[in-house]
Amino acid sequence: MIYFDAAATSMPKPPAVYTRALVAMRAFASPGRGGHRAAMCAAEAVYACREAAGELFDAEPERVVFTMNATHGLNIAVKTLLRAGDEAVISGFEHNAVTRPLYKLGVRANIAGRRLFDPEDTLRAFDRAITENTRAVICTHVSNVFGYILPVEKIAALCRERGVPFVLDASQSAGVLPVHLRALGAAFIAMPGHKGLYGPQGTGILLCGQMPQSLLEGGTGSLSELAQMPDFLPDAAEAGTQNVAGIHALAAGLDFIRRRGVRAILEHEVQLRRRLSQALRELPGAEIFEGAPQTGVLSVNFHGEDCERAAQRLAEHDIAVRAGLHCAPLAHESAGTLQSGTVRFSFSAFNTGREVERAAAILKNF
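Count the sequence shown with the numbering used here and you get residues 823 to 1188, in order.
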């Protein structure tokens, strides 16, 4: 199978990811739940992953909170900062992981920046939208549909100047673009483990620039005599037994990124996206969503054909892509594709030029 769906979940993973998951399941217990060897090995492995994430994302290890996924982290961030009736500013390219928690809370979402591949317009829109009524700004780093890289460093600077908490959704940028908690001055940065960090599903990271409110309360292995949750990180946001096998495996993904380098990974993925785009331009009627700045994510529509049907035809040739609205109807509304959706190709460090050439040859017969 040719797998071009890394924006959903990266496949394959570095070999050490699989190995570490198995090692942890066979030999590790739970951190903070005993002084025996199996528990201590688990604690050491979890802390080693915190250290690796802290180094990669410029955060103290204690500010690295492990979550189930980016959605989990974004819910913690949103529900820490906002209440019913508050106003938040978001981009026109947000995922449902942002918009649905806001809707559930009854927060007024002021949408800023709807022009695709136009960072200057996006920045001007945020500059206008952030007012004295704004209680938080939430912005995706990269559109999961179109690969558009938003000017989050400048948006974060606006927030710092105006004293407004900034939340970054790094679901599509962690492992591909520089993401630095201290430099951004963000309140929270949420990311999944299973995409660009090459970890297993069921893992995620929330970088905490401030103290979060807990979504769950329960055992932490610390201060067990207290009725309330501990008031320090990471314990305050990590109730219950952790996904030790997933976290140990995630550490292997982080090590892979550190050795390969985020810049090299981005350049590789962008090169593949450009090669595929060039081939698609030879197809009559193909609508290609491409611009700058953009990662290795490419959305396409074929000759007015239903995008789900196009993806199914590719699957029949063992080419895995994603079609539809990609859990981001707001992004499609901004780009004018809400009715049609798109076929999305998304690359990882493990894709090759040969795979792109084979896919292009198949597409020419569409």
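Note that beta-carbon positions come from the ideal geometry of N, C-alpha and C, so glycine has one too. None of the values given here were measured: they were computed from a predicted structure.
Kindly indicate the opening and closing residues of the beta strand (DSSP E) around M1013. F1010 to P1014
Top-ranked residue by Cα proximity to A875, from A1074, I952 and L1055: A1074
Using beta-carbon positions only, say whether Q1032 and T1117 come within less than 8 Å of one another. no
What residue range is occupied by the uninterrupted beta strand (DSSP E) comprising E1109? A1108 to F1111
Compare the Cα-Cα distances from A910 to each of E877, A899, A931 and V886 and report the closest residue. A931
Within 10 angstroms of the Cβ of E1138, are there 16 or more other Cβ atoms? Answer buried if so, exposed if not. exposed
Three-state secondary structure (DSSP) at A992? coil
Buried versus exposed, by CB contacts within 10 Å (16 or more), F1054: exposed
Let me make sure I understand the geometry here. Which of L844, A992, S832 and C961 has the alpha-carbon closest to that of A978? C961
Could you tell me the alpha carbon to alpha carbon distance between V1192 and A1181, rounded to whole angstroms? Outside the modelled stretch of the chain, which goes from 823 to 1188, sits residue 1192, for which no answer is possible.
From N1065 to R855, what distance separates their C-alpha atoms? 14 Å
Only counting runs of 3 or more residues, tell me where the beta strand (DSSP E) segments fall wholly within the segment 1088–1134, in order along the chain. 1108–1111 and 1119–1124
N-terminal and C-terminal residue of the alpha helix (DSSP H) that A934 is part of: From DSSP, A934 is part of no alpha helix (DSSP H) but of the beta strand (DSSP E) over R930 to A934.
When DSSP labels each residue in this structure, what does Y1020 get in the three-state scheme? coil
Are the beta-carbon atoms belonging to Y970 and F1010 less than 8 Å from one another? no
Range of the contiguous alpha helix (DSSP H) that encloses A874: R859 to F879
Terminal residues of the alpha helix (DSSP H) in which I977 lies: V974 to R984
Which of the three DSSP states, helix, strand or coil, is assigned to T944? helix
Spatial distance of I912 from T944 (CA atoms): 11 Å
Taking 8 Å as the cut-off, does the segment 890–907 touch the segment 1081–1091 (at least 3 CB pairs, one atom from each stretch)? no
For the segment 1144–1160 against the segment 1096–1108, do three or more pairs of beta-carbon atoms, one drawn from each stretch, fall closer than 8 Å, so that the two count as touching? no
Compare the Cα-Cα distances from M1013 to each of F968, E1177, T1042 and L1072 and report the closest residue. L1072
Work out the CA separation of M1051 and E884 for me, nearest whole Å. 16 Å
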